[in-house]
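> Handing you a structure now.
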Amino acid sequence: MPILTPDEQAESKLAMLRQHLTAFGRDPDDFGIEGWLRMNEADPDQWSTSVEGWRRLGADIVMLYPMYRTPNLDDQIQTLRTFKEIVTG
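For the record, in the sequence shown the residue sitting at position 32 is 312 according to our numbering, with numbers rising by one throughout.
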């Protein structure tokens, strides 16, 4: 569960993780990666770019972790619906 931006640094860290897994006799392909998107604003374009980045890095799951305030439950639900559309779209 790397809490990183899906960039060159994350790619390097994941390569290191895969090396450690191999060194301990584990198959890196059997080890799932869950990318966390810690976002400071509700920006679906940024979400989409980040999701694509995590897909490129081999993430099995990508989770939105909003760091911004959502004033009520309806807004939270709508945020999750929008994110789901982006991820599955």
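Glycine included, every Cβ here is placed at the ideal spot set by N, Cα and C. All of these numbers come straight from a predicted model, not from anything done at the bench.
#1: Would you give the residue range spanned by the alpha helix (DSSP H) that Ile366 belongs to?
#2: Which partner residues does Trp316 have in the DSSP bridge list?
#3: Would you kindly check if the distance between the Cβ of Ala339 and the Cβ of Gly315 is under 7 angstroms?
#4: I'd like to check one pair, Leu297 with Leu317: are the Cβ atoms closer than 7 angstroms?
#5: Check whether the segment 345-357 and the segment 290-310 are in contact - that is, three or more C-beta pairs closer than 8 angstroms.
From the atom records:
#1: Here residue 366 corresponds to residue number 86 of the sequence shown, with the count starting at 1. That run of the alpha helix (DSSP H) goes 353-368.
#2: Locating residue 316 in the sequence shown gives position 36, where the first residue counts as 1. For Trp316, which the question treats as bridged, DSSP gives the partners Met343.
#3: As a position in the sequence shown, residue 315 is number 35, starting the count at 1. As a position in the sequence shown, residue 339 is number 59, starting the count at 1. In contact: Gly315 and Ala339 (Cβ atoms closer than 7 angstroms).
#4: In the sequence shown, residue 317 corresponds to position 37, counting from 1. In the sequence shown, residue 297 corresponds to position 17, counting from 1. No, they are not a contact pair.
#5: No, because fewer than three Cβ pairs between the segment 345-357 and the segment 290-310 fall closer than 8 angstroms, the two stretches do not touch.
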